[in-house]
Structure formats: structure tokens, C-alpha cells
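Just below is one structure, and these are the notes that go with it.
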Amino acid sequence: MNTPIILPPLNTWFRRGLAAVLVLAGWPVTFAVELPSEVKGPVLLPRAVLDLPVEQAILTAPPQVPPPITRKHAARVVIHLEVKEEIMRIADGVEYTFWTYGGTVPGSFIRIREGDVVEFHLNNHPSSKVPHNIDLHAVTGSGGGASSTFTAPGHSSQFTFKALNPGLYVYHCATAPVPMHIGNGMYGLILVEPAAGLPPVDREYYVMQGDFYTTGAYGEPGLQTFDTPRSIDERPTYVLFNGSVGALTGDNALTANVGETVRLYVGNGGPNLVSSFHVIGEIFDKVWLEGGTRIAQENVQTTLVPAGGSVIVDFKVEVPGTFVLVDHSLSRAFNKGALGMLKVSGPEDRVIYSGKEVDAVYLGSQAEDGAQAARRQAEIKAAIATEMKANPAIANLTMQAQMEKGRQVYMQTCFACHLADGKGIPNVFPPLAGSDYMLEDRDRTVRIVLKGMSGPVTVNGVTYNSVMPPLNEVLTDQQVADVVTYIYNSWGNQGAATTVDDVRRVKSESR
Ligand SMILES: [Cu+2]
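Counted the way my numbering counts, the sequence shown spans residues 1026 to 1536.
Set out below in C-alpha cells:
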């Protein structure tokens, strides 16, 4: 079924036309009441603003961040952000129709300065199927810009805002159905640098989490589409950093050198989940909680990033290694993709982190006085074993039990070739019943079961030349002992019981 398209009020001829086309094409259409976005014409800017220098914003694709702003005054910043609907990889062999700001998920990173007056252009690519808009949490005003930017495919909207509050803000699409637009990847970060700037660091990166709802299960190949019921139930198939499984791992890992300071601008687009952001093996030296402008906390292990919220974390990397970024709701990291890497290279500092120093045998309670108890237990076991061997009734029962278990193994594993009566198949599978070859050497039989057999073999005067597969991966040592005991005491064969110790001895001898 087609996803219902929700349209704003039919107050322009364009919208009425669009609605008519959609209805005729058979799409279920509903009409929202949210967005009366009449065009007001350009704002008349006061002299003071008109006198500000004009600059084009530098936008970057994740995980890159535009360079810090060095100017010490406000500017008129022009931003062009393009919405594009694109099929891209979400996991190996899996594709998804992402809706993007700037062609990436998350969208382009925008960096401006407190006090800047921004002329914002939202361009919706002509190939788009639906209208979009943008709600920037950095904007003070109706809908954060959403009510001024509702933009049909092939159209461009413009509005102006003043960056009154510094901080790290999420932007996202607010076109209905909003969870679907966000769930398709329509979010990103805008940093409004405080007038005084942020403390300088060696490296800055852009990481943004999002939850994704696909019709197919995690990893199911092919082109996947948005699954509305899963989204409503908040049961994502994927939880990702930067829009795809592996976007920040392996060759895509973030990098740094020992001794450098690293700053992560972390956002959470949601639409639904809250992130428990953690870097395994690192501690955040400074945390600008919720993307605000005060260092709210220092020395933090895991920081919460709300859906539609952000955090800035700084840390120095003191030792080399691979540090893994996770949502510490760990099933998301290990089963849904929320995993990234920071690879730090440089010299070791073995005082800060030594690496594994010792690998020694640990006997637990047996280590000290436990050793006494263990020895006594072993003595008692040995005494029981001797007593059992001496007692024919028990020995016989033990043998019967082993035969029974051996028969089970035989009927599951050997019988397909050697047949239930152990007679084998002429010229193909040699017999085990009365096999002179087998009865001649019990250790060799154990070895054949473990390692398989090939090449010519003569059994009771008949030569076979075929292959038996090794079974050491399939059977436990106990099962080998049981099945050998079984074949040595069935179909008229006579032999002693084979024990686990026998099997282990053969294993170690033939290594
Ligand atoms: Cu949208």
C-alpha cells in the first residue's frame, strides 16, 4: 500500500493541482492544518545588519566539521541546503531510500556564530517525490523555520533568522508524517558558536545517531522501505551512527594521534530512541550536556543524548588503540549497527595502559587450601573407580549404559554408510561387523573416527578405496568412546570398553 501523503491547506493553486494529481494517481491523501506558509517577501533589514559582511556558509558531510569560526564579529551568512531523496547503502547488500539534507545522513554540518543573521535557502530537488521543510532548533520563531520552508519538489524556499542563542542544535524535517521524514534520515546538526568561541582542540568530528525502521529484518538484502507500524512501536531494525552499518568502522574509522584532543559533536536524530553515548576505553574530559554552552560535567563515562538533542564531548587520547563508539544500550550496538571506531595511533604509554601483562593458570578455590580438597576428591574418585572395576555387576551396568549411548551415536552418524547391521555395502563401505582390520588395532579405529580415512584398505580380504569423513568436529570425546565401544561389542564383535581417556590419549599421540 502507498504511504498516505499529507498535504498542507489547499490555499494555493499549486497545492490544489498537486492534490488533484495525487488523488487521480490513487494515492491516499490527507490534509494537514499545520502550515499556512504564505510568502511575505524579503525582510527589510536595518542598516546595521545590511552593513555586516556577507559570507557563504561552508557545509561539510559527516564525519567532517567545518573549521572553527575565527572572525570576532557577526556576519550575514547565506546557507543553501538541498533536499535530495536518494537510494544508498544502509548495510552490506541492503539499500534504503534515504531522504537527505545535502545528500548525506546525517545532513550537512552547518557552523555559524552567535549573532549571525542567516539567509536560509531550502532547495527541494526536482527528482523528489514529496515536499519537505526544515525545523532548525537553533531558530527562534514559528516551527524553527518549518512554517516558512514547506517546499515542493523543484522549489526553493527562503527565510531569514538571527542566531540568538549559541549551542549545538539539531535540525530536521517537520513535514507530516514527521517520524517518517526523520526516520528516512532527514536530520543534521547546526553549531552556533558562542561569540567567545569554543576552546581549541586538535580534531573535531560529527557523529549522529538515528533509528531506522525497515520492512525486512536486520541485514535482509535488497531495497528496504520505511515500516510505519515498526516506527509507531519504536522497534527499529537499525540503530546507526552516520546513516549506515560501518559508516564509522574499518577504513571509515575516525582517527587521531596520541596526545591530541578530540571533540565530538554528537547528535541524535531519533525519531524515537534516546542514546546512551559511550566510547569504550575513553573518558569524556569535558561534556557540554545537551549541546548547551556550559561545561556541565567533567570526567563522564556515558552521556545521554535525547532524541532531537545533542552533546559536545572533549577528550584527550593518551594511548594508542581502537576506541569503539557505542550506544550503551548494547543490543543496538551489537545487533542493530550502533557502532563506530576512533583509531588512535602513536607510541604506547604502558604506565597508563600496560596491555596484558600476565596470563597464568588460575585455580580459583583450588589454589590454596582448595588444593587439599581437590586432592581428596580425586582420591575418592579413584577409589570408587577401582571399586567399580572390581565389582562385576557395576562394570557390566556401566558397559551397558555406554553401549546404549554408543548405539545412539552409531544410528545418527555411522549407520548411513556402514548400515545398521554393520555389514556395510559391497565395494563401497567396508563392514564393521567381524572386520579383521578394525579388530586388529583399537587405537587405529579411534584415529579413523576422529580423522577420517581414505586410500585403499583391505577388510576381510576385500579391498576398498573410498573416503570416510573426519568426525572430530561432530562428536565429543565421550561420544567417540561410546561409539567405538558399541562397534567393538555388536554383531558378534568382542572387545573391551573404550574410555574418554583412551580417546584423548590417541588424540594427543597423533597430534
Ligand atoms: Cu521531509
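C-beta atoms are modelled at their ideal positions from N, C-alpha and C, and glycine is treated no differently.
From S1133, I1419, Y1238, residue whose alpha carbon lies closest to that of L1084: As a working note, residue 1084 is residue 59 in the sequence shown. Out of S1133, I1419, Y1238, S1133 has the C-alpha closest to the C-alpha of L1084.
CA-to-CA distance, V1336 to R1319, given in whole angstroms: Residue numbering aside, residue 1319 sits at position 294 when the sequence shown is read from its first letter. Residue numbering aside, residue 1336 sits at position 311 when the sequence shown is read from its first letter. Roughly 11 Å separates the two Cα atoms.
Buried versus exposed, by CB contacts within 10 Å (16 or more), G1127: The residue you call residue 1127 lines up with position 102 of the sequence shown. Counting Cβ neighbours within 10 Å, G1127 comes out buried, since at least 16 surround it.
CA nearest to the CA of L1289, picked from D1236, V1226, I1257: Numbered from 1 along the sequence shown, position 264 holds the residue referred to as residue 1289. Ranking D1236, V1226, I1257 by Cα distance to L1289 puts V1226 first.
Other residues of its chain near S1460: CB distance less than 7 Å, five sequence neighbours each side excluded: Along the sequence shown, one-based indexing puts residue 1460 at 435. Cβ within range, chain order: V1484, N1485.
Reference P1331, options Q1089, D1141, V1195, H1443, closest by Cα: In the sequence shown, counting from the first residue as 1, residue 1331 sits at position 306. Per the Cα distances, V1195.
Three-state secondary structure assigned by DSSP to G1166: Against the sequence shown, residue 1166 aligns to sequence position 141. Coil, per DSSP.
Own chain, CB closer than 7 Å to V1203, minus 5 neighbours either side, in chain order: By one-based count along the sequence shown, residue 1203 stands at place 178. Annotation for V1203: no residue places its beta carbon closer than 7 Å to its own, counting only its chain and skipping 5 residues before and after.
Check: H1098 C-beta below 7 Å from any heavy atom of ligand 1: Here the question's residue 1098 lines up with position 73 in the sequence shown. H1098 Cβ: outside cutoff for every heavy atom of ligand 1.
Near ligand 1: H1206 beta-carbon under 7 Å from a heavy atom: Taking the first residue of the sequence shown as 1, we reach residue 1206 at position 181. Checking the Cβ of H1206 against ligand 1 gives yes.
Three-way DSSP call (helix, strand, coil) for A1506 in this model: Counted from its first residue, the sequence shown places residue 1506 at position 481. Here A1506 sits in helix by DSSP.
Boundaries of the beta strand (DSSP E) in which T1488 is found, first to last residue: Mapped onto the sequence shown, residue 1488 falls at position 463. 1487 to 1493 is the span of the beta strand (DSSP E), which, as asked, contains T1488.
Continuous beta strand (DSSP E) assignments of at least 3 residues falling wholly in the region 1046 to 1131: As for any beta strand (DSSP E) of minimum length 3 sitting wholly inside the region 1046 to 1131, the runs are 1054 to 1056, 1079 to 1081, 1101 to 1116, 1119 to 1126, ordered along the chain.
Extent of the continuous beta strand (DSSP E) run through N1518: On the sequence shown, position 493 is the one that residue 1518 refers to. That residue, N1518, is in no beta strand (DSSP E); it is neither H nor E in DSSP.
Spatial distance of Q1089 from G1213 (CA atoms): Taking the sequence shown and counting its residues from 1, one reaches residue 1089 at position 64. Taking the sequence shown and counting its residues from 1, one reaches residue 1213 at position 188. CA-to-CA, the gap between Q1089 and G1213 works out to about 12 Å.
T1200 beta carbon near ligand 1 (any heavy atom closer than 7 Å): On the sequence shown, residue 1200 is found 175 positions in, with the first residue counted as 1. Yes, Cβ of T1200 sits closer than 7 Å to a heavy atom of ligand 1.
Status (buried if at least 16 other CB within 10 Å, exposed otherwise) for R1138: Taking the sequence shown and counting its residues from 1, one reaches residue 1138 at position 113. Counting Cβ neighbours within 10 Å, R1138 comes out buried, since at least 16 surround it.
Candidates M1428, V1264, E1259, of which the one nearest H1353 by Cα: Looking up residue 1353 in the sequence shown gives position 328. If we check each option's Cα against that of H1353, V1264 comes out closest.
Strand pairing of F1302, partner residues [DSSP]: Walking along the sequence shown from the start, residue 1302 turns up at place 277. Per DSSP, T1328, D1352.
Chain D contact for T1470 (CB, 8 Å cutoff): In summary, chain D is missing from the structure at hand, where a single protein chain is found.
Touching by the beta-carbon criterion (3+ pairs, under 8 Å), the region 1284 to 1304 and the region 1376 to 1389: Taking 8 Å as the limit for Cβ pairs, the verdict is that the region 1376 to 1389 does not touch the region 1284 to 1304.
For D1527, the three-state DSSP class (helix, strand or coil): The sequence position of residue 1527 within the sequence shown is 502, counting from 1. Residue state, collapsed to three classes: helix.
Inter-residue Cα distance where the pair is V1048 and H1157: Here residue 1048 refers to the residue found at position 23 when the sequence shown is read from its first residue. Here residue 1157 refers to the residue found at position 132 when the sequence shown is read from its first residue. Because the pLDDT at V1048 is just 49, under 50, the model does not fix this residue reliably, and the value given afterwards should be weighed accordingly. Computed Cα separation, rounded: 19 Å.
contact_flag[the region 1303 to 1310, the region 1248 to 1262] where n(CB pairs < 8 Å) is 3 or more: no
Under 8 Å between C-beta atoms of A1272 and R1228: In the sequence shown, residue 1272 corresponds to position 247, counting from 1. In the sequence shown, residue 1228 corresponds to position 203, counting from 1. Going by C-beta atoms, A1272 is not nearer than 8 Å to R1228.
Three-way DSSP call (helix, strand, coil) for G1244 in this model: As a first step, residue 1244 must be located in the sequence shown, where it is residue number 219. Here G1244 sits in coil by DSSP.
P1481, DSSP secondary structure in three states: Along the sequence shown, one-based indexing puts residue 1481 at 456. Residue state, collapsed to three classes: strand.
C-beta contact flag for H1197 and D1236 at 8 Å: Translated into positions along the sequence shown, residue 1197 becomes position 172. Translated into positions along the sequence shown, residue 1236 becomes position 211. No, these two residues do not count as a Cβ contact at 8 Å.
Inter-residue Cα distance where the pair is P1345 and S1269: Position 320 of the sequence shown, counted from the start, is the residue given in the question as residue 1345. Position 244 of the sequence shown, counted from the start, is the residue given in the question as residue 1269. The alpha-carbon atoms of P1345 and S1269 are separated by roughly 26 Å.
Beta-carbon separation (whole angstroms), A1278 vs L1367, contact threshold 8 Å: Within the sequence shown, the letter at position 253 stands for residue 1278. Within the sequence shown, the letter at position 342 stands for residue 1367. That pair is a contact at about 7 Å.
For N1421, the first and last residue of its enclosing alpha helix (DSSP H): Position 396 of the sequence shown, counting from 1, holds the residue named residue 1421. For N1421, the uninterrupted alpha helix (DSSP H) segment begins and ends at 1417 to 1434.
Which of helix, strand or coil DSSP assigns to R1375: Along the sequence shown, one-based indexing puts residue 1375 at 350. The answer is coil: DSSP assigns R1375 none of H, G, I, E or B.
Burial state of H1162, where buried means 16 or more other Cβ atoms lie within 10 Å: As a working note, residue 1162 is residue 137 in the sequence shown. With 16 or more Cβ atoms within 10 Å of its Cβ, H1162 is classed as buried.
For F1440, the first and last residue of its enclosing alpha helix (DSSP H): Stepping through the sequence shown from its first residue, residue 1440 is reached at position 415. Segment 1440 to 1443, the alpha helix (DSSP H) holding F1440.
Given 8 Å, three or more beta-carbon pairs between the region 1422 to 1436 and the region 1465 to 1474: no
Where N1027 falls: helix, strand or coil (DSSP): Against the sequence shown, residue 1027 aligns to sequence position 2. Its pLDDT being 43, under 50, N1027 is placed unreliably in this model, and the coordinates cannot settle the point.
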